[in-house]
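*Asks:*
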Amino acid sequence: MLQIEDLTVSYGAVKALKSVSFEANEAKITAVLGANGAGKTTLLRALSGLVHATTGSAKYHGTELIGKKPEDIVYLGVAQVPEGRGVIGELTIEENLRLGGLFRRDASGTKSDINEVYEFFPPLAQRRSKPTFTLSGGERQMLAIGRAIVARPTLLLLDEPSLGLAPLITASIMSFIKGLCHQKGLTVLLVEQNARSALSIADFAVVLSVGEVVIAKDAAQVASDSDLRHHYLGF
Amino acid sequence: MHQFVNLTLIGITTGAVYAAVAMGLVLIWRATRTVNFAQGAMATFSTYVAVTLIDRNVSYWLALLAAIVTGLIIGTLTERLLMRPIANTNPLNPVIIAIGMLIVLEAVSGMIWGAKYREFPSNFSVTGIKVGTSRIALSAFDIYVMVAVLVLMVALLILFRWTSLGLKMRAAAFSPEIARLLGVRVGRMLTLGWALAVGMASVAGVLAAPNVLLYPNNMDGVNVFAFTAAILGGLDSPVGALVGGLGMGFVVSYVGGYLGSSLETIGGLIVLLIVLSFRPQGIFAASAARRV
Amino acid sequence: MNSPVSNQDEIIVPSMKRSKGRPRKSKRSAQGGNRSSGIFGVPAVRNGLLAIVVIVVGYILLGKISPYRDLQFSQVGVYVIALAGLSLLVGQSGQITLGQGAVMMVGAYTTALVNKHLNLAFPLEILLSAIVAGLFGILVGIVAARLRGPYLAGVTLSIALALPELASKFSSIFGGDAGLIVSPPNTPAFLGATYTQQRFMVSIVLVVTVLVIFGLANLYSSRQGRKLRAVRDDEVSAELNGIPLAGTQITAFMIASVCAGIAGSLQAMVAQNAGPESFTVALSISLLAAIVIGGVGTLGGAVWGGLALVFIPQFATDYSQRLNLSQGVVANLALAIYGLLLIAVILVFPGGVQGGLLRLAKYISIRFRSRGSSEIAGGLGK
Ligand SMILES: Nc1ncnc2c1ncn2[C@@H]1O[C@H](COP(=O)(O)OP(=O)(O)OP(=O)(O)O)[C@@H](O)[C@H]1O
Ligand SMILES: [Mg+2]
């Protein structure tokens, strides 16, 4: 379980997160929704150690994440898919996937996980030795998610996996994420602009507005409350 | 015909040295995305350390080892003290720091060891091997240089293509933030890249020294040709460095032999211009998309 | 990377009486995205610099200094011109060149050849050198426009290495290693007998230096200057805004080369010789070092760089001889100082001497809260 308490992050004078608290349950998908600039990316970056939180805590399985370096947080089973398809364009697809598992001790496990990713995403398998910049946006997103999976995380932080993807691909990525959560018992923190698709697979939803948590409820409740949806999510 | 054979052989041996220096440049480029203009001066410094030891009757191999260690230390210090503070600033800054290092190191070498030319003893015979009745322009030392360069290239290839260390180094160079998210210790990789590259350049310096004599900026000329070679090959590719190095070796040797030695640099420039006008990123570079 | 298009950040600095009644803009330099002046950025610094130039020129024209100083100031002027062009190319257009010294050589040899074969007045010699060097710059620029970063550095470095060899090779035309003799301009009789040839020469150099600097100052604030910076800061968005990438970059190379050509021409007249030894790779590298130390992207930086190139070696030699240091140290001290300064500028004084002065000026004006403070905030960009 991930427990976030009183988390505050500032960029200079701008407070991007103001005393954010919520919990993400084990083996469940928690959607984090909100408008542009609400602080969603900042939240994920604070959890993975890329930005320093001013105050507050985020405990995963009781271990404090805040204050640790990104390269150490990985070892706690936390993987992040960064915003905007964070794959390394100059490396090949295979190399990107290998990178995901580099810190693992079991090389053979990494290998079989890479093969599993290829099975899930056949377009990647065909181009495995091509440089990543030859992939389309959707394929890059598959690769970014695939790479996170190769790290065998127990907590997956996803930053807008649907960004720029066609509805059909978005749907298949969402169902893939749901599958991961159910089959592997992965805890997922899913940041999304696309509230409708995120709510369709999420168990729990947190809505951020200008750096503050304004709603934290079951996803189904949020989805069925049309006032709430209109007011905060615009659909 | 005899001259052609000899010029070809000379081309191969000088080219091998260019290739060795070029591989140092490729290594640092792959590991940190900077061009180390100070590499020649760093190599010369290490070579001076080696020759100082040889003067004290230390064996060639130990002296070579000392040069490598000197290179590792210079590389580590450069990354830690000079390059790290300017990470994430203007991409011109590392280039300028390297030029500063070049100037400082040449001056320091001159201060310590003086401006006179020095012989560098070689561990193998430098007289040409006899084929039939005539000697050809290929000595035991030349063969040693070639073998050493091939070993370096294969080592580089293995490092970058098959080891996870090489993959981590490249990831750290291309995208430090993503690398950190994947558990790569980026700072350590950059330091390692610098250390290895300068260590390798030091080997190249020791290999080159018997043929070019040693003085504070003896690597300037070699370095420009080697830089040209690395660029011809595409800066990113160890094989490219070898091909580029040999290519430059042939250009220098044939142009020097047939047209006169003062046209060598012009020959190099012309080849460079021709190649880059067809492939602005060098022969072996994957045609990388310009990063937006 | 650089921050995207900095044009929005540019703040109009109200023009001073002296600056031709036109509003002038200031901008950031390329160094580390750091603060900078534009041309002279802060009016106080700009005017101070101008005052220094005018005083020095006046002083020299009045004939108050020794012949040896004449020679030194000629040399400073030559470097300032070459550096001003380099400053524009590196700082404003963001392209690196290790071949500025080689382009100076083109200018020097043009002057020498014209001097030898044609009988032209010296302003025409300078003009022809500028044109030939400019054409050469266009050629280099065409190659350069396709190349980035290290590839461009490699090509310019090769040019710097190859050109002097060309001169030694074709010795019947270029005079080989000894170079060509250049007969300097005749001192007009009306200046009087006390007006020596050196003095006339330094007068020419300083007048040309002032002209070049003012030409470039206007260029910096012109449309063309803004285009250069737009391309430097973000190629893609500049292109999307309809700025021709290649054309802009070639123009930058051409301007820098015209400056180098003029500098080389004057150098040949001052030295009364154009030889390959004067235009080695070391010169090109020293020029790049000097402009960074002075303050890349600024014209003030060119002045400081020129002074550094002439006076640091002299200072170092005097100092180390006085301390009875060994021959090896004496010979290398100036070099070591350059190198260390260069590193220090990047690590601790971004913006070089000029940047430091601007910060000082800002500090002083904040302390004394003068009416100029808002202008200064603009002058410092980010
Ligand atoms: N590096 C930064 N420096 C300064 N301010 C920043 C920085 N990164 C983000 N911010 C500011 O922090 C706030 C939150 O940004 P954040 O990226 O977390 O938003 P977001 O919810 O992910 O938005 P989007 O949906 O557009 O990705 C915004 O106001 C943004 O301008
Ligand atoms: Mg975001």
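Read top to bottom, the protein sequences are chains A, B and C.
Here the first sequence stands for residues 44 to 278, numbered as in our numbering.
Here the second sequence stands for residues 24 to 315, numbered as in our numbering.
Here the third sequence stands for residues 4 to 385, numbered as in our numbering.
Ideal Cβ positions, reconstructed from N, Cα and C, are used throughout, including at glycine.
Predicted, not measured: the structure shown is a model, and the values here were computed from it.
1) Quick check on C/Tyr341 - is its C-beta less than 9 Å from some C-beta in chain B?
2) Show which residues of chain B have a CB atom less than 8 Å away from the CB atom of A/Gln236.
3) B/Glu200 versus chain A: which residues are under 7 Å apart at the beta carbon?
4) Would you check whether ligand 2 has a heavy atom nearer than 8 Å to the C-beta of A/Lys83?
5) Output the distance between the C-alpha atoms of B/Phe27 and B/Arg158, rounded to the nearest integer angstrom.
6) Give me, in chain order, the residues of the same chain whose beta-carbon lies closer than 7 Å to that of C/Cys262; leave out the 5 immediate sequence neighbours on both sides.
7) Can you tell me the Cα-Cα spacing of C/Gly297 and C/Leu290, whole angstroms?
8) Just to confirm before moving on: does the CB-CB distance between B/Val298 and B/Gly34 stay below 9 Å?
9) Specify the secondary structure class of C/Met19 as computed by DSSP and reduced to three states.
10) According to DSSP, is A/Ser252 helix, strand or coil?
11) Apart from the five residues on each side of it in sequence, which residues of its chain come closer than 7 Å, Cβ to Cβ, to A/Asn98?
12) Return the Cβ separation of C/Ala147 and C/Gln227 in integer angstroms, given the expectation that the two are a contact with Cβ distance under 8 Å.
13) Report the three-state DSSP secondary structure of B/Gly38 (helix, strand or coil).
14) Determine the burial state of C/Tyr341: buried for a count of at least 16 other Cβ atoms within 10 Å of its Cβ, exposed for fewer.
15) Would the beta-carbon of A/Glu203 be found less than 8 Å away from any heavy atom of ligand 1?
16) State yes or no: is the beta carbon of B/Thr37 nearer than 9 Å to at least one beta carbon in chain A?
17) Using a beta-carbon distance below 9 Å, is C/Gly97 in contact with chain B?
18) Is it right to say C/Val143 is buried, meaning 16 or more other beta carbons lie within 10 angstroms of its own, or is it exposed?
19) Nearest-angstrom Cα distance between C/Val306 and C/Ile315?
20) Can you give me the C-alpha to C-alpha distance between B/Asn29 and B/Ala160, rounded to a whole angstrom?
21) Name the DSSP beta bridge partners of C/Ile340, please?
22) Could you spell out where the alpha helix (DSSP H) holding B/Glu200 opens and where it closes?
23) Please classify C/Tyr154 as buried or exposed, where buried requires at least 16 neighbouring CB atoms within 10 angstroms.
24) Which chain C residues sit within Cβ distance under 7 Å of B/Ser285?
25) For a quick check, are the C-beta atoms of C/Ile288 and B/Ile122 less than 9 Å apart?
26) To be precise: take each residue of the segment 106-129 of chain A, compare its Cβ to all Cβ atoms of chain B, and keep it if any distance is under 7 Å. Which residues remain?
27) Tell me which residue opens and which closes the alpha helix (DSSP H) that C/Ala233 is part of.
28) What's the gap between the Cα of C/Tyr112 and the Cα of B/Ala66?
29) Between B/Pro233 and chain C, is any beta-carbon pair separated by less than 9 Å?
30) Going by DSSP in three states, B/Asn246 sits in which element: helix, strand or coil?
31) Counting only the same chain and skipping the five closest in sequence on each side, list residues whose C-beta sits under 6 Å from that of B/Ala86.
32) With hydrogens ignored, establish whether the beta-carbon of A/Glu126 is closer than 8 Å to any heavy atom of ligand 2.
33) From the beta carbon of B/Leu237, is the nearest beta carbon of chain C less than 9 Å away?
34) One question on the structure: do C/Ile265 and C/Ala105 come within less than 9 Å of each other, judged by their Cβ atoms?
35) From B/Tyr71 to B/Gly47, what does the alpha carbon distance come to, in whole angstroms?
36) Under 8 Å Cβ to Cβ from A/Ile258, same chain only, skipping five residues before and after it: list those, please.
*Replies:* Looking at the coordinates:
1) Indexing the third sequence from 1 puts residue 341 of chain C at position 338. Output row for C/Tyr341: interface = yes.
2) Reading the first sequence from its first residue, position 193 is the one you call residue 236 of chain A. The premise fails here: A/Gln236 is roughly 21 Å from chain B at the closest Cβ pair, so nothing lies under 8 Å.
3) Sequence index remark: in the second sequence, residue 200 of chain B carries index 177 (1-based). Near B/Glu200 (Cβ distances below 7 Å), the residues of chain A are Leu93.
4) On the first sequence, position 40 is the one that residue 83 of chain A refers to. Indeed, a heavy atom of ligand 2 lies less than 8 Å from the Cβ.
5) Along the second sequence, read from residue 1 onward, the residue named residue 27 of chain B stands at position 4. Along the second sequence, read from residue 1 onward, the residue named residue 158 of chain B stands at position 135. Rounded to whole angstroms, B/Phe27 to B/Arg158 spans 14 Å at the Cα level.
6) Looking up residue 262 of chain C in the third sequence gives position 259. Same-chain partners within the cutoff: Ile84, Ala85, Ala87, Gly88 and Val215.
7) If you number the third sequence from 1, residue 297 of chain C lands on position 294. If you number the third sequence from 1, residue 290 of chain C lands on position 287. The alpha-carbon atoms of C/Gly297 and C/Leu290 are separated by roughly 10 Å.
8) In the second sequence, counting from the first residue as 1, residue 298 of chain B sits at position 275. In the second sequence, counting from the first residue as 1, residue 34 of chain B sits at position 11. Going by C-beta atoms, B/Val298 is not nearer than 9 Å to B/Gly34.
9) The residue given as residue 19 of chain C occupies position 16 in the third sequence. With a pLDDT of 31 at C/Met19, under the threshold of 50, the modelled position of this residue cannot be trusted, and the question is left open.
10) Indexing the first sequence from 1 puts residue 252 of chain A at position 209. In this structure, A/Ser252 counts as strand in the three-state DSSP scheme.
11) For the purposes of this step, residue 98 of chain A is identified with residue 55 of the first sequence, where counting begins at 1. In the sequence under discussion, the amino acid at residue 98 of chain A is Thr, which differs from the Asn named in the question. The answer, listed in chain order, is Asp49 and Thr51.
12) Reading the third sequence from its first residue, position 144 is the one you call residue 147 of chain C. Reading the third sequence from its first residue, position 224 is the one you call residue 227 of chain C. No, C/Ala147 and C/Gln227 are not in contact; Cβ-Cβ is about 17 Å, not under 8 Å.
13) Residue numbering aside, residue 38 of chain B sits at position 15 when the second sequence is read from its first letter. In the three-state DSSP reduction, B/Gly38 falls in the helix class (H, G or I).
14) Along the third sequence, one-based indexing puts residue 341 of chain C at 338. Its Cβ being crowded by 16 or more others within 10 Å, C/Tyr341 is buried.
15) Locating residue 203 of chain A in the first sequence gives position 160, counting from the first residue. Under cutoff, so the answer is yes.
16) Within the second sequence, numbered from 1, the residue matching residue 37 of chain B stands at position 14. For B/Thr37, the answer is no, since every Cβ of chain A falls outside 9 Å of its Cβ.
17) Along the third sequence, one-based indexing puts residue 97 of chain C at 94. Taking Cβ atoms only, chain B reaches closer than 9 Å to C/Gly97, which makes this a yes.
18) For the purposes of this step, residue 143 of chain C is taken as residue 140 along the third sequence, with counting starting at 1. C/Val143 is buried by the Cβ-count criterion.
19) Your numbering for residue 306 of chain C matches position 303 in the third sequence. Your numbering for residue 315 of chain C matches position 312 in the third sequence. In a straight line, the C-alpha of C/Val306 is about 14 Å away from that of C/Ile315.
20) Taking the second sequence and counting its residues from 1, one reaches residue 29 of chain B at position 6. Taking the second sequence and counting its residues from 1, one reaches residue 160 of chain B at position 137. The alpha-carbon atoms of B/Asn29 and B/Ala160 are separated by roughly 5 Å.
21) Stepping through the third sequence from its first residue, residue 340 of chain C is reached at position 337. According to DSSP, C/Ile340 bridges with nothing at all.
22) On the second sequence, residue 200 of chain B is found 177 positions in, with the first residue counted as 1. Counted as a single uninterrupted DSSP element, the alpha helix (DSSP H) harbouring B/Glu200 occupies residues Pro199 to Leu204.
23) Within the third sequence, residue 154 of chain C is the residue found at index 151, counting from 1. Burial call: buried.
24) In the second sequence, residue 285 of chain B corresponds to position 262, counting from 1. In chain order: Glu168, Ser171 and Lys172.
25) The sequence position of residue 288 of chain C within the third sequence is 285, counting from 1. The sequence position of residue 122 of chain B within the second sequence is 99, counting from 1. Contact: yes.
26) Pro113, Glu114, Val117, Tyr118, Gln123, Pro125 and Gly129
27) Against the third sequence, residue 233 of chain C aligns to sequence position 230. In the DSSP assignment, C/Ala233 falls within the unbroken alpha helix (DSSP H) covering Arg226 to Asp236.
28) Sequence index remark: in the third sequence, residue 112 of chain C carries index 109 (1-based). Sequence index remark: in the second sequence, residue 66 of chain B carries index 43 (1-based). Going from the Cα of C/Tyr112 to the Cα of B/Ala66 covers about 35 Å.
29) If you number the second sequence from 1, residue 233 of chain B lands on position 210. So no, B/Pro233 is outside the interface.
30) One-based indexing of the second sequence puts residue 246 of chain B at position 223. B/Asn246: helix per DSSP, three-state reduction.
31) Numbered from 1 along the second sequence, position 63 holds the residue referred to as residue 86 of chain B. Answer for B/Ala86: Ala73, Leu76 and Ile77, listed in chain order.
32) In the first sequence, residue 126 of chain A corresponds to position 83, counting from 1. Between ligand 2 and the CB of A/Glu126, the shortest heavy atom gap is smaller than 8 Å.
33) Numbered from 1 along the second sequence, position 214 holds the residue referred to as residue 237 of chain B. At a cut-off of 9 Å between C-beta atoms, B/Leu237 does not count as an interface residue with respect to chain C.
34) Position 262 of the third sequence, counted from the start, is the residue given in the question as residue 265 of chain C. Position 102 of the third sequence, counted from the start, is the residue given in the question as residue 105 of chain C. Cβ distance not < 9 Å, so C/Ile265 and C/Ala105 don't count as in contact.
35) To locate residue 71 of chain B, count along the second sequence from 1; it is residue 48. To locate residue 47 of chain B, count along the second sequence from 1; it is residue 24. The C-alpha of B/Tyr71 lies about 18 Å from the C-alpha of B/Gly47.
36) Numbered from its first residue, the first sequence carries residue 258 of chain A at position 215. Ala248, Val249, Val250, Val265, Leu271 and Tyr275, listed in sequence order.
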